[in-house]
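Residue numbers for the first sequence follow my numbering, so the first one is 15 and each next one is one higher.
We put the beta carbon where it would ideally sit given N, CA and C, even for glycine.
So the structure is just underneath, and the comments pick up after that.
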Amino acid sequence: MSNNFCSVCLLKSKAVKNLQNSELDLLGESCVQAIFEPGETIFKQGALSSNIIYLQTGLVKLTIKGPHRVQIMRLKKAPSYLGVPTTMGDKINHYSAVAVERSSACFIDINTFKELLKVNPAFSYEIMLELCRNELEQYQRCVKLVQNQVYGRLATNLLIFSEEIYNSNEYDLPLNRNDLADLVCTSRETVSRLLADLTQEEIIEVNGKHIRILDTERLQTISEKG
DNA sequence: GCATTAACCACAG
DNA sequence: CTGTGGTTAATGC
């Protein structure tokens, strides 16, 4: 049982960069790092949670069980904190986090986390900033989902992979068609068909999970107009 | 009515 | 796991 030395960690979050040495030691004492392979659950809806997770590297999906099916709320790319709302807001997790790519995560004891929030305003500020940005993103995503048609929703999400996750107009989807459907709020079949349509229109090129965006402008138009 | 959208089912690689 | 075809229901001219 050796402590992590957060002070020398190269993957410190923006928030943690504000911590004093003594605070970093405190963090290190209650912090455990783990690696998750794709498909492995980091925390589970319904389970008791007493940790905040700092995602150092990788990509995860946040899922929640709805009345009919499991819904992917969003993807979250490292670096970021996971489970702050669900660990601070309730004893029990309201959603699950599952690795989508190989991910490294630090588990921080909730009491330590709360203590750091209390003693270091700059740390708290960074955490609050991240939470607020998350909320704004969720609102944005919510309107799109409700008001756009599937074609637009799919286009939006293809663009998010390109612009926000992989920073390239060519990438390998980390999800199968079913997950992609859960993310876009549609059926697996519709995703298949629409990807075929986009290919026919020469807007994208699909090769299994490999996506290449050929015409970003038209994809953006579809994303906006729905 | 008629067209469009998209879900559900079934089946085949 | 994926793609396709048929069917069906809802919605909007």
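Three-state class that DSSP yields for residue i in the structure shown
i	result
residue 149	helix
residue 25	coil
residue 20	helix
residue 217	coil
residue 185	strand
residue 202	helix
residue 89	strand
residue 47	strand
residue 255	Nothing in the structure corresponds to residue 255, since the chain is present only between 15 and 240.
residue 4	Residue 4 lies beyond the stretch modelled for the chain, which goes from 15 to 240, so this question has no answer here.
residue 234	helix
residue 208	helix
residue 192	helix
residue 161	helix
Beta-carbon proximity of residue i to residue j, cut-off 8 Å
i	j	result
residue 40	residue 129	yes
residue 66	residue 124	yes
residue 233	residue 225	no
residue 50	residue 119	yes
residue 76	residue 88	yes
residue 134	residue 43	no
residue 237	residue 166	yes
residue 212	residue 205	no
residue 220	residue 209	yes
Residues that residue i bridges to, as DSSP identifies them
i	result
residue 110	77
residue 68	95 and 120
residue 62	106
residue 175	The partner list for residue 175 (beta bridge, DSSP) is empty, contrary to what the question assumes.
residue 55	112
residue 226	184 and 219
Nearest-angstrom beta carbon gap, residue j and residue i [assumed within contact, 8 Å]
i	j	result
residue 85	residue 25	Between residue 25 and residue 85 the Cβ distance is about 30 Å, and since that is not below 8 Å, they are no contact.
residue 154	residue 240	That belief does not hold up - the Cβ atoms of residue 154 and residue 240 are roughly 14 Å apart, past 8 Å.
residue 198	residue 150	Actually they are not in contact, since the Cβ atoms of residue 198 and residue 150 sit about 20 Å apart, beyond 8 Å.
residue 183	residue 230	6 Å
residue 137	residue 32	5 Å
Would you call the segment 59 to 79 in contact with the segment 101 to 112, where contact means no fewer than 3 C-beta pairs closer than 8 Å? Of all C-beta pairs linking the segment 59 to 79 to the segment 101 to 112, three or more are shorter than 8 Å, placing the two stretches in contact.
At least 3 beta-carbon pairs within less than 8 Å: the segment 92 to 106 vs the segment 139 to 158: The segment 92 to 106 is in contact with the segment 139 to 158.
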